[in-house]
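What follows is a short report on a single structure.
2 protein chains.
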Amino acid sequence: MSNPPPSGGDLSRLRQLNSLAAIRALRGAEPLTLSVLAERTGLSRPSTKDVMDELVGLGWVEEVAPVGGTMGRPARRYRFRADGGHVVGIDIGAHKVLAALADLDGNVLAETRHTVDPDTPTEARLDAIDKAVSGCLALAGLTREDLWAVTAGTTGLVDPKGRIALSTAILNWSGVDLAGRLARMFPCRVLVENDSKLAALAEWQRGVARGASDVLFLHAGRRTGAGLIVDGKLHRGFAGSAGEISLLPLSQWSAGSAPLDDSPVVPKGTPPQDAARYVLSAARDGNSAAMESVERYVEVLALGAAMMVLTVDPELVILGGSFSRAADVLLPPLRRRLAEVCMRPPELRTSTLGDECVVLGGIGLAINHLDSRLFGAEGGSATPLPQHADAKVTSIASR
Amino acid sequence: MSNPPPSGGDLSRLRQLNSLAAIRALRGAEPLTLSVLAERTGLSRPSTKDVMDELVGLGWVEEVAPVGGTMGRPARRYRFRADGGHVVGIDIGAHKVLAALADLDGNVLAETRHTVDPDTPTEARLDAIDKAVSGCLALAGLTREDLWAVTAGTTGLVDPKGRIALSTAILNWSGVDLAGRLARMFPCRVLVENDSKLAALAEWQRGVARGASDVLFLHAGRRTGAGLIVDGKLHRGFAGSAGEISLLPLSQWSAGSAPLDDSPVVPKGTPPQDAARYVLSAARDGNSAAMESVERYVEVLALGAAMMVLTVDPELVILGGSFSRAADVLLPPLRRRLAEVCMRPPELRTSTLGDECVVLGGIGLAINHLDSRLFGAEGGSATPLPQHADAKVTSIASR
DNA sequence: GCCAGTTACGAAGGAGCCCATCATTAGTAG
DNA sequence: CTACTAATGATGGGCTCCTTCGTAACTGGC
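The listed protein sequences derive, respectively, from chains Z and S.
The numbering used here numbers the first residue of the first sequence as 1 and each following residue consecutively.
The numbering used here numbers the first residue of the second sequence as 1 and each following residue consecutively.
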């Protein structure tokens, strides 16, 4: 009756689990002693030592000099070798290409930005991606061979194979086999994902949504989008289109920031990319026409958000995207409207990761993927570190 | 960075996992031989034997007479002792109380129905529940002490503690501490859940949604509701209100079957509970006014469904509820409308479990709960069968 | 400079779980 | 009655984990 297939466990699987637990405890933390590590993993000290010996041998972990000053014999300290490999997150937007290079801990080592246009031809856009990543690598003194995984986030609907199923924001972007093109560019695993989903992941991993099991991330910017964390996991949906509420005309999400851009308070001749900011700022200063426009914008935003909130009932809603800088203006009406329809309105928070949300989420997804590959999926033992974790594969992570 | 806490594994945990795998393989199947069992669990035969010996000792499994006729030495056969314990699922609707008693395999052994009204007083309704369950027990020759878990499903919003947060269909039902009241009634674990959620679970466990990882269940009846399976698990949401799209006035779901009930084709004097059926039947026969009413009804149903489908992107949408008997009339327009807004419209199927959906889901939830308690949550060994699995607890399963 | 106190390390012994192997057993087929 | 088949049961070995205990390294007081 229960659907999950029965999974019998071998002896070595136990070690796998424990190794993974140790790595998780180590990652992102300062170097830990055996005793602390034993406590955190729930293992005994001798067993922890065994696990550490193995991981040190494989190159995943290294010992660092003990620190003195305490009573008693100084404890050995181990740290995760975050510098053993590197990942890249790329944010491919309509107006920019942003790339960030990080170590296996997710620490960003270099970042590069290139400006593009919505109608930049596809080849030129791919070229900008190439240059952005090359720039990061140069800044960090690395080569493409040092990359273990690359994640690209982009506007539009990304199908499970990493192709752009639909994009209205970037000219001729629909139909591009982005995963395929990037796979030719990088000698490592390539993942492709929708940008709002990556932003949601980033907020959940290292932003204001940490620890929540169900989260709705709202991207409020020139385009409106959403990403969902459900039960502590990024939710993609069967075809990768979870959260694409803009496909419903009623939602009006496809209009993006139009309610702001078209506000009568925008001075003639304002460049379109500055219009919304102007209106939000004017609304903050009490301009009643601007406030009206903001109200209209939030009405649309809130309607789509309400649909998703009532569907998923998340603990948190995160407001992100470039307009999140005007959270003081946007949050109160958004909160009010959600409260009107929810029995228990979710807590509203503002993104703190800002512009880097998408690349950070990409980095996080890449690292998650490597984690899941840390131990040979088919019951093998741990992969030694110096090798590349994957052969060159085109398709996106299934799950 | 990763949020899931590292979980160190003890040696005995391996055995737990393997025992659980064996039970899963055994449950709901005909008696299995050691060889088959070994193959299905991935264990070796000697290990499988060990596990079986233990489970037989604990009373969870028993050996049955070997079957002859094959070449070679007859193999011992083991079966899950489904009759070792019993669970009850209760469907508390506005117009009926339906209870079903099942063994640990989910086989229904007895069923009882009581008729009530939307304005039946709470105490009388609780009395009907009591009577319905007593009836089941009497039919099966059991007593309340034989019950290991009871799940009640009811219309309305059920909070995480098993109280009715809001119900518009049943008079004075809001605010009732159903879990608390039932806990006084039964000397075992009591779970309370929204009825549409249980129906979704049933369809996923033993209905037409088997094997799908993301499913939307639509309850189309006098009231409209929904339940979600996300990533192979019943999704409740932070406050248990996932899928409660009817709270959004725009969805018009709170009107339920009104577009059908109010159709001009309904003859004066038709009892309200028969109106919708009459219209659906007339529409099937080609009555254009009836078809128009159906069109209006489906428009509402489809709008809410689209909101949820675009949010979650499920693989399947299941049409259930009493109107699902008119699926031939309802599905085509529903399919058409979903196709208008979805990049990849989910497959639409009709519920086959019918009226029993909710009680079956309740039985499934109860069994799932017992499964998760099969092995002492805090690393203990397996619970012997003859004891009750739980003390009397009031609150609902958290997860 | 020495000694007590503190903390961590490392080795040894033991238990649990799983696996591979092989002789044995209980049937069927001729 | 014999040959064949397929499952059983017992043995031995390997791996992982745990507990226990003696040893090592460093601090602080005399």
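Even for Gly, the Cβ is constructed at its ideal location relative to N, Cα and C.
Could you check if A326 of chain Z is buried or exposed, using at least 16 other CB atoms within 10 Å of its CB as the buried criterion?
Answer is buried; the Cβ neighbour count reaches 16.
Helix, strand or coil: which one does DSSP assign to V67 of chain Z?
Of the three classes helix, strand and coil, the one that applies to V67 of chain Z here is coil, per DSSP.
Measure from the C-beta of T70 of chain S to each C-beta in chain Z and report whether the shortest distance is under 8 Å.
Output row for T70 of chain S: interface = no.
Excluding sequence positions up to five away, which residues of its chain have a Cβ less than 6 Å from the Cβ of D91 of chain Z?
Taken in chain order, the residues that qualify are L98, G153, V358 and V359.
Could you give the residue range of the alpha helix (DSSP H) that holds L182 of chain S?
Note, L182 of chain S: alpha helix (DSSP H), L178 to M185.
Give a yes or no on whether the minimum CB-CB distance between M308 of chain Z and chain S is below 8 Å.
Answer yes: the Cβ-Cβ gap between M308 of chain Z and chain S drops below 8 Å somewhere.
Quick one: Cα of V190 of chain Z to Cα of A202 of chain Z, how far?
Roughly 18 Å between the two C-alpha positions.
Does the separation of the CB atoms of S213 of chain S and E315 of chain S fall below 8 Å?
Yes, the Cβ-Cβ distance between S213 of chain S and E315 of chain S is below 8 Å.
Classify D274 of chain Z as buried or exposed, calling it buried when 16 or more other Cβ atoms lie within 10 Å of its own Cβ.
With fewer than 16 Cβ atoms within 10 Å of its Cβ, D274 of chain Z is classed as exposed.
Under three-state DSSP, which class holds I170 of chain S?
I170 of chain S falls in the coil class under three-state DSSP.
Assuming the contact rule is C-beta atoms closer than 8 Å, L334 of chain Z and L348 of chain Z should be a hit. Round their C-beta distance to whole Å, please.
Confirmed, Cβ separation roughly 7 Å.
Could you list which residues in chain Z have their beta carbon closer than 9 Å to that of S241 of chain S, in chain order?
Per Cβ cutoff of 9 Å: L310, D313, C342, M343 and R344.
Kindly list the residues whose CB is nearer than 7 Å to the CB of N3 of chain Z, restricted to its own chain and excluding five residues on each side of it in sequence; keep chain order.
The predicted position of N3 of chain Z is uncertain, since its pLDDT is 43 and thus under 50; a value taken from the coordinates is nonetheless stated next. Nothing listed; no residue qualifies.
For the candidate residues S:D231, S:A306 and S:L198, whose alpha-carbon lies nearest to that of I245 of chain Z?
For the residues S:D231, S:A306 and S:L198, the minimum Cα distance to I245 of chain Z belongs to S:A306.
Which whole-angstrom value describes the C-beta separation of L303 of chain Z and V279 of chain Z, a residue pair presumed to lie in contact below a C-beta threshold of 8 Å?
About 19 Å; that fails the 8 Å criterion.
Buried or exposed: E456 of chain S, going by 16 or more other Cβ atoms within 10 Å of its Cβ?
For chain S, the structure presents residues 1 to 399; residue 456 of chain S sits outside this window and is missing.
Please report the distance separating the alpha-carbon of H219 of chain S from that of V158 of chain Z.
C-alpha separation (whole angstroms): 31 Å.
Any idea which residues DSSP pairs L234 of chain Z with across the strands?
L234 of chain Z pairs with Z:I229.
Taking Cβ-Cβ distances shorter than 9 Å, what residues in chain Z pair up with L14 of chain S?
Chain Z residues near L14 of chain S: G9, D10, L11, R13 and L14.
Where does E91 of chain S sit, in a helix, a strand or coil, going by DSSP?
At residue 91 of chain S the sequence reads Asp, which differs from the Glu that was named. Note: D91 of chain S maps to strand in three-state DSSP.
Quick one: Cα of P267 of chain S to Cα of E295 of chain S, how far?
Rounded to the nearest angstrom, the two C-alpha atoms are 19 Å apart.
Which bits of chain S does I318 of chain Z rub up against, with CB to CB less than 8 Å?
None at all; the shortest Cβ gap to chain S is about 14 Å.
Using a C-beta to C-beta distance shorter than 9 Å, which residues of chain S count as neighbours of D231 of chain Z?
Ordered by position in chain S, the residues that pass the 9 Å Cβ test against D231 of chain Z are V230, D231, K233, H235 and R399.
Which residues in the same chain as E30 of chain S place their Cβ atom closer than 8 Å to its Cβ, once the five residues preceding and following it in sequence are excluded?
Cβ neighbours of E30 of chain S beyond the five flanking positions: R79.
Let me see if you follow: with CB-CB separation under 8 Å, is N18 of chain Z close to chain S or not?
Closer than 8 Å: yes.
Between the alpha carbons of R27 of chain Z and E123 of chain S, how many angstroms are there, rounded?
The straight-line gap from Cα to Cα measures roughly 56 Å.
Rounded C-beta distance between L32 of chain Z and R77 of chain Z? I'm assuming under 8 Å.
With 8 Å as the limit, L32 of chain Z and R77 of chain Z qualify as a contact, their Cβ atoms being about 7 Å apart.
Taking C-alpha atoms, which residue in Z:I170, Z:L198 and Z:P118 lies nearest to V150 of chain Z?
Here the closest residue by C-alpha is Z:L198.
CA-CA distance, A183 of chain S and S134 of chain S?
A183 of chain S and S134 of chain S: Cα-Cα distance of roughly 15 Å.
Our contact map puts L338 of chain S next to V309 of chain S with C-beta atoms below 8 Å; I'd like the distance itself, whole angstroms only.
So it is a contact: roughly 6 Å between Cβ atoms.
What do you get for V67 of chain S, buried or exposed, if any count of 16 or more other CB atoms within 10 angstroms of its CB means buried?
Exposed: under 16 other Cβ atoms inside 10 Å.
Express the C-alpha separation of A258 of chain Z and A128 of chain Z in angstroms, rounding to a whole number.
So the two alpha carbons sit approximately 28 Å from each other.
Does the Cβ of L139 of chain S have 16 or more other Cβ atoms within 10 Å, making it buried, or fewer, making it exposed?
Looking at its Cβ environment, which holds fewer than 16 other Cβ atoms inside 10 Å, L139 of chain S is exposed.
May I ask you to list, following chain order, the residues of the segment 154 to 165 of chain S that have a beta carbon less than 7 Å from some beta carbon of chain Z?
Per Cβ criterion, the list reads L157 and A165.
Output yes or no for whether 8 Å exceeds the beta carbon distance between V312 of chain S and A200 of chain Z.
The answer is no: Cβ separation not under 8 Å.
Report yes if the C-beta distance between A169 of chain Z and P118 of chain Z is below 8 Å; otherwise report no.
Against a cut-off of 8 Å, the Cβ pair of P118 of chain Z and A169 of chain Z comes out as a contact.
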